[in-house]
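Protein chains in written order, with our numbering: chain A, 28 to 463; chain B, 28 to 463. Just so you know, even glycine gets a beta-carbon here, dropped at the ideal spot from N, CA and C. This structure is a prediction, so every number in the text was calculated from the model and none was measured. Working notes, beginning with the structure itself.
2 protein chains.
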Amino acid sequence: MAKVEPRTLSGFMELLPNEQILFNQMKETIQKTYEKFGFLPLDTPIIESAEVLLAKAGGETEKQIYRFQKGENDLALRFDLTVPLAKFVAKNYGSLSFPFRRYQIGKVYRGERAQKGRYREFYQCDIDIIGDGELDLINDAEIPSIIYTLFKELGFDDFTIKINNRKILNGLFEGVNQKENSTEILRIIDKIEKIGKEAVIEELRKIDVKQEQIDAIINFIEIKGSSDEKIEQLEKLGIENETYKKGLEEIKEVIKNVRLFGVPEENFKVDLTIARGLDYYTGTVYETFLNKYRELGSVCSGGRYENLAEYYTDKPLPGVGISIGLTRLFYKLNELNIIKADKKSISDILIIPVTESLEEPIKLATDLRVQGINTEVYLNNKKLKAKFKYADKLEIPYVIVIGDDEIKNKKVKLKNMKTGQEEELEMNAIKIAENI
Amino acid sequence: MAKVEPRTLSGFMELLPNEQILFNQMKETIQKTYEKFGFLPLDTPIIESAEVLLAKAGGETEKQIYRFQKGENDLALRFDLTVPLAKFVAKNYGSLSFPFRRYQIGKVYRGERAQKGRYREFYQCDIDIIGDGELDLINDAEIPSIIYTLFKELGFDDFTIKINNRKILNGLFEGVNQKENSTEILRIIDKIEKIGKEAVIEELRKIDVKQEQIDAIINFIEIKGSSDEKIEQLEKLGIENETYKKGLEEIKEVIKNVRLFGVPEENFKVDLTIARGLDYYTGTVYETFLNKYRELGSVCSGGRYENLAEYYTDKPLPGVGISIGLTRLFYKLNELNIIKADKKSISDILIIPVTESLEEPIKLATDLRVQGINTEVYLNNKKLKAKFKYADKLEIPYVIVIGDDEIKNKKVKLKNMKTGQEEELEMNAIKIAENI
């Protein structure tokens, strides 16, 4: 028979089991942490009507989208979990309790140009808190405490949650009459570390920003120090703009409450340069960096928005949320070999019967499973060496060989595959489970 | 702004949180049970090259598939988890340990005509055991023990795993010189429960099966009694055909070992009428019925096949596996209101602060989370009544109100929302966790 080459599309992650186990542990840690904070699960379809999914989209998003006809229907694959959330909340407004705290962990699709570490199918892990008409600012302070808990649970200590407020930047640009140029100015000042202050000033001049305005912008981005020092200096800049003042007030309150939520000083920081998506966020914004692996970029980002679902409903639905691009994060961490895994195998123990009578081995396996131990019985007829090799390759931590002697004496040897040590135990699931 | 109607496509399940919680518990029970038996996780892309995905397909499958172009690529959405498994094993043959025991739980896509309880996007929950060249028959006996454990874990007692062997049927057809018609005959006798014996005979006549052959077939499918009695009668039929004899030998061995694996007599049964997929299975086949809800049809089916990946590789890869169509199963069980849930909410407790000082409520929440308690703090400024209503609607089982008195006295009242009873406790996470 002519064979088809069994290939996987480029830009699509498909892991071998030993890596999939690590991936699933990360995913489960994220899920469990979101649930610890009382977020409710949501699972929306991957396919939506293109009209619904693209109600807001434009530009890059539209180009990257997987869109196709099926019968009469113009369909598209979701490219994030925010638009489906907006649709869901607008559709089910009357059935939900607000604030609506939901998490969603699922695959999204973007037909980006494929390159190493970039995926066309990838997991996003989102939480959002949606208010009905209003949502208190204190929620903006809870989010960093969730990020903090999560990255601690994932095994990291040295990370920084950077916090800014979009109103400060917007107010600054309004205050210097450069609101229309704000996108361009942000792009230029973003390069300051690369090209230096003088070059930035030069570029700002080129787009007709006046010297006085340039001075204000440079003063602003040169603000240094601790979070409190930065806030103090922002107050001293004396920018007379209501948006700016509101942003300053908000960030002060958020920082105060982030402390209240128990996030240690070393894990968060006011950073006036982060902006996040230019048209969506309207208040607090977050980015999270693993300090030893800055090259990963932000590993968890989000912020506050005015109105989740304006394309679907007149109801004002303000919210605050974050997203983790898990597939890319996993790829990078795995490449760096820094994923902390509780378990490297699914099975905790492999039982190898070397007897005609399978009754006792199977009974022991069943009893061990009742004790919460993932237990596999090696059922196939191979040489003992091949069976041990199987346990080894799957990194199963314990092996018990059961032959006629073991059955007669009701004793087994529990072999620790890592140390090679064996311990003789009663053939009793509770006793064995205690030693695993 | 003109609004787009926030709708979800028909044939796509999208649950409200209280139902999603139940769904996720079922999904997690399935996953944990599969892991208890040492199956390794796999997560293949939802999109594959159409050429790869359709290497084998034809007929109905081809018509139902979601297939589309993206740039130069002819793509399709997976319609089951078996074809991606075949591709994966063929592609990664050298990196896998055999027998390769894998589970996969994921969404698949079929553009069926939408109707109540039928889904175009649905979860399949599969396990398969794949051998390298050969796979011992004992594996066929382990599968029913996994089905048994799983449905017990899902809260069911009264279910029957029906077991048959395709070789018996095939041998029977060979024995009565109807091998060429076997697909058609199987299709007809598969309907016996629905359309009755007379209609089956009528249909067999229509395709020119002779009376003598019809008698043999009907004698066969009318075999009654216990599993052992059926096997005995199969032996007495005296069909002199090697395939038939092989099948009989296999089913005897499988039934013997199903008992060995501890499946109680009342939960399994030889059923000579089940056939499952007409060209795929080659030996043992399974269907599972919830006896009180026969209208659901088989809720877990599968069987033994000769060759998983013949479209991709020359390597013979025999296997045995099962699949659960979770979305439809959930829909039906939910409609019948018979899903057993451990928890109806994500949060175990809602802390309601009625004080300016949030420090103590937040500290308690953090401590409770460390104790493994999912804890939400009600952060928004609402009337106390609205806050209790929120807990009520989300079915959060416990509430603690923390005001200035509670903080001063270091005591809180733990309110059981179901009984309305309150218990005064020290404001201490360990003490509170003990009472939840």
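(1) Can you pull out the residues from the region 43-71 of chain B whose beta carbon lies closer than 8 Å to at least one beta carbon of chain D?
(2) Output the distance between the C-alpha atoms of glutamate 180/A and tyrosine 405/A, rounded to the nearest integer angstrom.
(3) Can you name the residues of chain A whose CB is closer than 9 Å to the CB of methionine 28/B?
(4) Which residues, in chain order, does the region 387-399 of chain B contribute to contact with chain A at a C-beta distance below 8 Å?
(5) Roughly how many angstroms lie between the CA atoms of leucine 43/B and methionine 53/B, to the nearest whole one?
(6) Indicate whether phenylalanine 186/A and threonine 315/A have their beta-carbon atoms separated by less than 8 Å.
(7) I'd like the list of long-range same chain contacts for glutamate 169/A, defined as Cβ closer than 7 Å, with 5 residues on each side in sequence excluded.
(8) Given a cut-off of 8 Å, decide if isoleucine 156/B and leucine 162/B are closer than it, judged by their beta-carbon atoms.
(9) Starting from the beta carbon of aspartate 163/A, find every residue of chain B whose beta carbon is closer than 8 Å, and list them in chain order.
(10) Please report the straight-line C-alpha distance between lysine 206/A and alanine 113/A, rounded to a whole angstrom.
(11) If distances are taken between C-alpha atoms only, which option among Asp107/B, Asp159/B and Phe39/B comes closest to asparagine 408/A?
(12) Under 8 Å between C-beta atoms, does tyrosine 93/B make it to chain A?
(13) What's the call for leucine 363/B, buried or exposed, on a 16-neighbour Cβ count within 10 Å?
(14) In the DSSP assignment, find the alpha helix (DSSP H) that holds proline 345/B and state where it starts and stops.
(15) Rounded to the nearest angstrom, what separates asparagine 401/B and glutamate 148/A at their Cα positions?
(16) In terms of residues, what are the limits of the alpha helix (DSSP H) holding serine 209/A?
(17) Quick check on glycine 198/A: does DSSP put it in helix, strand or coil?
(18) So the alpha helix (DSSP H) isoleucine 157/A belongs to, where does it begin and stop?
(19) Counting only beta-carbon atoms, is glycine 138/A nearer than 8 Å to chain B?
(20) Rounding to the nearest angstrom, what Cα-Cα distance links glutamate 450/A and leucine 49/B in this structure?
(21) Could you tell me which uninterrupted beta strand (DSSP E) segments, each at least 3 residues in length, are contained entirely in the region 93-136 of chain A, listed from first to last along the chain?
(22) Going by the beta-carbon positions, is the gap between lysine 279/A and isoleucine 258/A smaller than 8 Å?
(23) Could you pull the DSSP bridge partners for arginine 331/A from this structure?
(24) Any idea if threonine 210/A is buried or exposed, counting beta-carbon neighbours within 10 angstroms, 16 or more meaning buried?
(25) Return the chain-ordered ranges of every beta strand (DSSP E) run that is complete within the region 248-335 of chain B and spans a minimum of 3 residues.
(26) Spatial neighbours of alanine 141/A within its chain, please: CB distance less than 8 Å, with the 5 preceding and 5 following residues excluded, ordered by chain position.
(27) State yes or no: is the beta carbon of lysine 319/B nearer than 8 Å to at least one beta carbon in chain A?
(28) Residues in its own chain within less than 7 Å of serine 325/A by CB, not counting five upstream and five downstream?
(29) Please decide whether leucine 353/A counts as near chain B, where near means a Cβ-Cβ distance under 8 Å.
(30) Considering only C-alpha positions, which residue in the set Arg105/A, Arg137/A and Pro68/A is nearest to glycine 98/B?
(31) Under a CB-based cut-off of 8 Å, is lysine 143/B close to chain A?
(32) Note down, in chain order, every chain A residue with its Cβ under 7 Å from the Cβ of lysine 114/B.
(33) Which chain B residues are close to leucine 421/A, counting only those with a beta carbon under 7 Å from its beta carbon?
(34) By DSSP, does tyrosine 425/A sit in helix, in strand, or in coil?
(35) Give every residue of the same chain whose Cβ lies closer than 8 Å to the Cβ of asparagine 443/B, excluding the five residues on either side of it in the sequence, and list them in chain order.
(36) For glycine 289/A, go through chain B and note every residue whose CB falls closer than 8 Å to its CB, in chain order.
Taking the geometry as given:
(1) The question asks about chain D, but that chain is absent: this structure's protein chains are A and B.
(2) By 1-based counting over the first sequence, the position of residue 180/A is 153. By 1-based counting over the first sequence, the position of residue 405/A is 378. Spanning the two alpha carbons is a distance of roughly 34 Å.
(3) Locating residue 28/B in the second sequence gives position 1, counting from the first residue. The answer, in chain order, is Glu337, Tyr338 and Asp341.
(4) Ile389, Lys390, Thr393 and Arg396
(5) Numbered from 1 along the second sequence, position 16 holds the residue referred to as residue 43/B. Numbered from 1 along the second sequence, position 26 holds the residue referred to as residue 53/B. For leucine 43/B and methionine 53/B, the distance between alpha carbons rounds to 16 Å.
(6) One-based indexing of the first sequence puts residue 186/A at position 159. One-based indexing of the first sequence puts residue 315/A at position 288. Yes.
(7) To locate residue 169/A, count along the first sequence from 1; it is residue 142. Result list for glutamate 169/A: Phe288, in chain order.
(8) Looking up residue 162/B in the second sequence gives position 135. Looking up residue 156/B in the second sequence gives position 129. It is a contact, given that the beta carbons lie within the stated cut-off.
(9) The residue given as residue 163/A occupies position 136 in the first sequence. Simply Leu406, Asn407 and Asn408.
(10) Within the first sequence, residue 206/A is the residue found at index 179, counting from 1. Within the first sequence, residue 113/A is the residue found at index 86, counting from 1. Cα to Cα, the separation comes out at about 28 Å.
(11) Reading the first sequence from its first residue, position 381 is the one you call residue 408/A. The shortest C-alpha separation from asparagine 408/A is found at Asp159/B.
(12) By one-based count along the second sequence, residue 93/B stands at place 66. Output row for tyrosine 93/B: interface = yes.
(13) The count along the second sequence starts at 1 and reaches residue 363/B at position 336. So leucine 363/B ends up on the exposed side.
(14) Taking the first residue of the second sequence as position 1, residue 345/B is located at position 318. Here proline 345/B belongs to no alpha helix (DSSP H), and DSSP marks it neither H nor E.
(15) Residue mapping note: residue 401/B aligns to position 374 of the second sequence, counting from 1. Residue mapping note: residue 148/A aligns to position 121 of the first sequence, counting from 1. Distance between the alpha carbons of asparagine 401/B and glutamate 148/A is about 31 Å.
(16) The residue you call residue 209/A lines up with position 182 of the first sequence. Its alpha helix (DSSP H) spans residues 209-216.
(17) Walking along the first sequence from the start, residue 198/A turns up at place 171. Glycine 198/A: helix per DSSP, three-state reduction.
(18) Residue 157/A sits at position 130 when you count from the first residue of the first sequence. No alpha helix (DSSP H) holds isoleucine 157/A; the beta strand (DSSP E) holding it covers 148-157.
(19) Within the first sequence, the letter at position 111 stands for residue 138/A. Yes, glycine 138/A lies at the interface with chain B (some Cβ there is under 8 Å from its Cβ).
(20) Walking along the first sequence from the start, residue 450/A turns up at place 423. Walking along the second sequence from the start, residue 49/B turns up at place 22. For glutamate 450/A and leucine 49/B, the distance between alpha carbons rounds to 42 Å.
(21) 94-97, 100-104 and 127-136
(22) Your numbering for residue 279/A matches position 252 in the first sequence. Your numbering for residue 258/A matches position 231 in the first sequence. Yes.
(23) The residue you call residue 331/A lines up with position 304 of the first sequence. Its beta-bridge partners are Val347/A.
(24) On the first sequence, position 183 is the one that residue 210/A refers to. Threonine 210/A comes out exposed.
(25) 295-297, 311-317 and 328-332
(26) Working through the first sequence from its first residue, we reach residue 141/A at position 114. Excluding residues within five positions, the ones whose Cβ falls inside 8 Å are Ser37, Gly38 and Arg147.
(27) Residue mapping note: residue 319/B aligns to position 292 of the second sequence, counting from 1. Chain A, which has no Cβ nearer than 8 Å to the Cβ of lysine 319/B, makes this no.
(28) Walking along the first sequence from the start, residue 325/A turns up at place 298. Same-chain partners within the cutoff: Glu314, Thr315 and Phe316.
(29) Residue 353/A sits at position 326 when you count from the first residue of the first sequence. With 8 Å as the cut-off, leucine 353/A does not count as an interface residue toward chain B.
(30) As a position in the second sequence, residue 98/B is number 71, starting the count at 1. The shortest Cα separation from glycine 98/B among Arg105/A, Arg137/A and Pro68/A belongs to Arg137/A.
(31) One-based indexing of the second sequence puts residue 143/B at position 116. For lysine 143/B, the answer is no, since every Cβ of chain A falls outside 8 Å of its Cβ.
(32) Numbered from its first residue, the second sequence carries residue 114/B at position 87. Under the 7 Å cutoff, chain A gives Pro33.
(33) Here residue 421/A corresponds to residue number 394 of the first sequence, with the count starting at 1. Per Cβ cutoff of 7 Å: Ser124.
(34) Stepping through the first sequence from its first residue, residue 425/A is reached at position 398. In this structure, tyrosine 425/A counts as strand in the three-state DSSP scheme.
(35) Taking the second sequence and counting its residues from 1, one reaches residue 443/B at position 416. Cβ neighbours of asparagine 443/B beyond the five flanking positions: Pro424, Tyr425, Glu449 and Glu450.
(36) In the first sequence, residue 289/A corresponds to position 262, counting from 1. By Cβ distance, chain B contributes Ile389, Lys390 and Thr393.
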